[in-house]
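S.K.: In terms of numbering that gives the first Met the number 0, the sequence shown is numbered consecutively and its last residue is 424.
Every residue gets a Cβ at the ideal spot worked out from N, C-alpha and C, and that includes glycine.
Please see the structure below; I have some questions.
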Amino acid sequence: MNEKKKLPLPALSALELFAQVFHDDAQYAGGTGAAWAPGRVNLIGEHTDYNDGFVLPIAIDRVIAFAGRAREDFQVGLWSTHFSQYAQIALAGLPESFDAQREHLPAWARYVLGVMTELLRAGVRFSGFDAVVHGDVPVGGGMSSSAAIEVATAQACMFFSRGSFTIGQQDATLQPLEVAALCQRAEHIASGVRSGILDQAASCLGQPGKAILLDCRSLAHRYLPFDEPGISLVVIDTGVRRELASSAYNERRSQCEEATTMLRDIIARNESQNSPVGAIRALRDITQEQFARYGSELPGVLRRRAGYVIAEDARVIETVALLEMGAVEQVGSLLWLSHEGLRYEYEVSCPELDALAEIARQVPGVLGARMMGGGFGGCTINLVRNEAVEELRRAVDAQYPARTGLQATFDVCRAAGGPDSTLVS
Ligand code: GLA
Numbered sequence: 000m001n002e003k004k005k006l007p008l009p010a011l012s013a014l015e016l017f018a019q020v021f022h023d024d025a026q027y028a029g030g031t032g033a034a035w036a037p038g039r040v041n042l043i044g045e046h047t048d049y050n051d052g053f054v055l056p057i058a059i060d061r062v063i064a065f066a067g068r069a070r071e072d073f074q075v076g077l078w079s080t081h082f083s084q085y086a087q088i089a090l091a092g093l094p095e096s097f098d099a100q101r102e103h104l105p106a107w108a109r110y111v112l113g114v115m116t117e118l119l120r121a122g123v124r125f126s127g128f129d130a131v132v133h134g135d136v137p138v139g140g141g142m143s144s145s146a147a148i149e150v151a152t153a154q155a156c157m158f159f160s161r162g163s164f165t166i167g168q169q170d171a172t173l174q175p176l177e178v179a180a181l182c183q184r185a186e187h188i189a190s191g192v193r194s195g196i197l198d199q200a201a202s203c204l205g206q207p208g209k210a211i212l213l214d215c216r217s218l219a220h221r222y223l224p225f226d227e228p229g230i231s232l233v234v235i236d237t238g239v240r241r242e243l244a245s246s247a248y249n250e251r252r253s254q255c256e257e258a259t260t261m262l263r264d265i266i267a268r269n270e271s272q273n274s275p276v277g278a279i280r281a282l283r284d285i286t287q288e289q290f291a292r293y294g295s296e297l298p299g300v301l302r303r304r305a306g307y308v309i310a311e312d313a314r315v316i317e318t319v320a321l322l323e324m325g326a327v328e329q330v331g332s333l334l335w336l337s338h339e340g341l342r343y344e345y346e347v348s349c350p351e352l353d354a355l356a357e358i359a360r361q362v363p364g365v366l367g368a369r370m371m372g373g374g375f376g377g378c379t380i381n382l383v384r385n386e387a388v389e390e391l392r393r394a395v396d397a398q399y400p401a402r403t404g405l406q407a408t409f410d411v412c413r414a415a416g417g418p419d420s421t422l423v424s
């Protein structure tokens with residue numbers, strides 16, 4: 000029973016529901032338990048991950064949990080509390096049967112199927128289980144519910160495999176960042192979006208009170224303190240979800256690749272004697288000085304996209320320096336700049352996100368705010384002095400519905416740990 004104490008609330012609720020939902024005569028092996036993984040916020044470094052750049056995410060105290068029991072066979076039975084939907088996955092035919100199974104599954108279960116497929120492709124073996132899936136990461140709300148369900152799936156497969164494979168450091172079958180990369184591939188095949196590694200890495204690497212600086216090229220990472228008691232991390236959800244987001248995301252990615260190729264050619268023509276041009280593989284490799292010199296030779300759209308990414312990478316490095324000095328308050332001004340760049344240069348914001356950022360800007364004690372994640376909806380992240388949190392809430396309640404016709408949802412998050420699991424009986 001003591002074990003139960005470390006369970007996050009969604010895992011506890013899922014455990015309670017398990018016995019009610021799964022009462023058929025499946026043959027179970029082993030006891031009942033839960034596995035979970037967190038969602039994330041990204042302090043700064045937006046749309047830099049797939050440009051081989053830097054990101055500074057924080058795993059948060061919101062998780063998606065699987066609670067249930069291992070089965071004797073190779074079937075996976077899942078009940079999603081959020082969607083009130085049942086889904087079944089047959090492990091035996093994977094990875095070959097991926098497309099056929101995907102077609103018949105609801106969107107949330109496709110992520111689960113994707114992770115299981117990628118685990119099997121990586122040579123990892125595990126058996127079936129039945130589980131209730133329950134979480135408090137807002138679905139589609141910009142806190143990466145998809146990465147949370149993916150990483151929680153990997154954790155659940157390990158947990159219910161009862162020792163066939165392990166996730167951890169050194170001697171484990173899979174290291175946390177291998178799980179992140181595998182979950183990223185799962186996201187690609189499940190959703191068709193060519194997302195970067197930000198979300199999955201943040202979920203896998205979370206530590207209480209820490210932000211994670213990740214170099215998305217080398218995957219080198221280190222932790223920075225993020226536990227200033229006087230400052231709150233507020234996430235405000237616009238309530239907007241737009242279909243357009245995935246095609247626009249892939250389009251931005253292609254534009255960045257195109258801008259890289261053009262800039263590499265321009266720099267090769269101009270600087271062939273003194274710089275190793277072959278080393279330019281992504282926007283990450285172009286310095287701000289080079290961009291200031293040659294950026295004007297790009298067509299307008301590509302100039303704006305590349306200019307934003309190169310400046311955002313520099314802002315991540317600046318933020319790291321501020322956190323190392325304990326100057327969290329000063330990070331705020333970089334968040335405002337990031338939002339401006341995402342709005343006017345990268346063009347992934349929307350009127351609702353801009354409204355939230357503008358409302359926040361008028362509240363004294365809000366140190367900085369910006370849209371977060373892929374864009375075109377989702378949420379803003381706000382760095383707020385504790386004493387200003389309620390005032391921000393009032394300002395949003397008073398102005399946002401009038402400006403947009405929508406209701407925004409308000410969430411105060413804390414930096415929390417990564418995936419975990421435990422047996423309870
Ligand atoms: C989404 C993607 C991430 C990242 C962000 C933008 O959340 O899943 O990989 O690219 O958008 O920073």
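#1: Could you tell me whether the region 114-131 touches the region 157-176, using the rule of 3 or more Cβ pairs below 8 Å?
#2: Within its chain, find whatever has a CB closer than 6 Å to the CB of T116; leave out the 5 residues flanking it on each side and keep chain order.
#3: Please classify M0 as buried or exposed, where buried requires at least 16 other C-beta atoms within 10 Å of its C-beta.
#4: Three-state secondary structure (DSSP) at S246?
#5: Span of the beta strand (DSSP E) holding Y85?
#6: Measure from the alpha carbon of Q87 to the alpha carbon of each residue in A130, T237, A310 and I265, then state which is nearest.
#7: How would you label Q100, buried or exposed, when you count the other beta carbons within 10 angstroms and need 16 or more for buried?
#8: How is M157 classed by DSSP in three states: helix, strand or coil?
#9: Under 8 Å, with one C-beta from each stretch per pair, do the region 234-250 and the region 24-39 reach the 3-pair mark?
#10: So that I know if they touch, is there some Cβ in chain D lying closer than 8 Å to that of L355?
#11: Sort N269, A313, Q26 and C203 by Cα distance to D419 and report the nearest one.
#12: How is the alpha helix (DSSP H) around Q287 delimited, first residue to last?
#13: Determine whether the beta carbon atoms of G331 and L366 lie at a separation below 8 Å.
#14: Please determine whether the Cβ atom of N41 lies at a distance below 7 Å from any heavy atom of the ligand GLA.
#15: Determine, using beta carbons only, whether K209 and P224 come nearer to each other than 8 Å.
#16: Evaluate D23 with the Cβ neighbour count: other Cβ atoms within 10 Å of its Cβ, from every protein chain shown; 16 or more gives buried, anything less gives exposed.
#17: Return the residue from the list A310, V178 and A326 that minimises the CA-CA distance to E339.
#18: Quick one, what's near the ligand GLA if you take every residue whose CB is closer than 5 Å to any heavy atom, in chain order?
#19: Which residue's Cα is closest to the Cα of E357: R268, H220, Y49 and T403?
#20: Roughly how many whole angstroms lie between the Cα atoms of G195 and A278?
#21: Got a sec? Which residues, its chain only, sit under 6 Å from A185 by beta carbon, not counting five neighbours each side?
#22: How would you call M371, buried or exposed, if buried means at least 16 neighbouring beta carbons within 10 angstroms?
#23: Comparing alpha-carbon positions, which option in T80, A64 and L352 lies nearest A147?
#24: Please state if the CB of G122 and the CB of R377 are separated by a distance shorter than 8 Å.
#25: Is the beta carbon of L213 less than 8 Å from the beta carbon of V327?
#26: Considering only DSSP beta bridges, list what N41 is partnered with.
#27: Just the Cα atoms here: how many angstroms apart are V192 and V395?
#28: Considering only residues of the region 105-168, which uninterrupted alpha helix (DSSP H) runs meet the minimum length of 4 residues and lie entirely inside it, listed in chain order?
#29: For the beta strand (DSSP E) that H220 lies in, which residues bound it at each end?
#30: Go through its chain and collect everything with a Cβ distance to E351's Cβ below 6 Å, but skip five positions before and after it.
M.R.: Here's the rundown:
#1: yes
#2: L93, P94 and F97
#3: Only weak support exists for where M0 lies, its pLDDT of 44 falling under 50; the value from the coordinates is given anyway. It counts as exposed.
#4: Three-state result, S246: helix.
#5: Q84 to A89
#6: A130
#7: buried
#8: helix
#9: With a cut-off of 8 Å, the region 24-39 and the region 234-250 do not count as touching, because too few Cβ pairs lie within range.
#10: Although the question refers to chain D, the structure presented lacks it and comprises just one protein chain.
#11: C203
#12: Q287 to Y293
#13: yes
#14: yes
#15: yes
#16: exposed
#17: Measuring from the Cα of E339, the nearest candidate turns out to be A310.
#18: E45, H46, D48, S194, G195, L197, D198, G372 and G373
#19: T403
#20: The alpha-carbon atoms of G195 and A278 are separated by roughly 21 Å.
#21: G113, V114, E117 and E149
#22: buried
#23: A64
#24: Going by the sequence as given, residue 377 is Gly instead of Arg. Taking 8 Å as the Cβ cut-off, G377 and G122 do not qualify as a contacting pair.
#25: Not a contact, by the Cβ cut-off of 8 Å.
#26: For N41, which the question treats as bridged, DSSP gives the partners P56.
#27: 31 Å
#28: 106-120 and 144-159
#29: H220 to P224
#30: T237, V239 and T403
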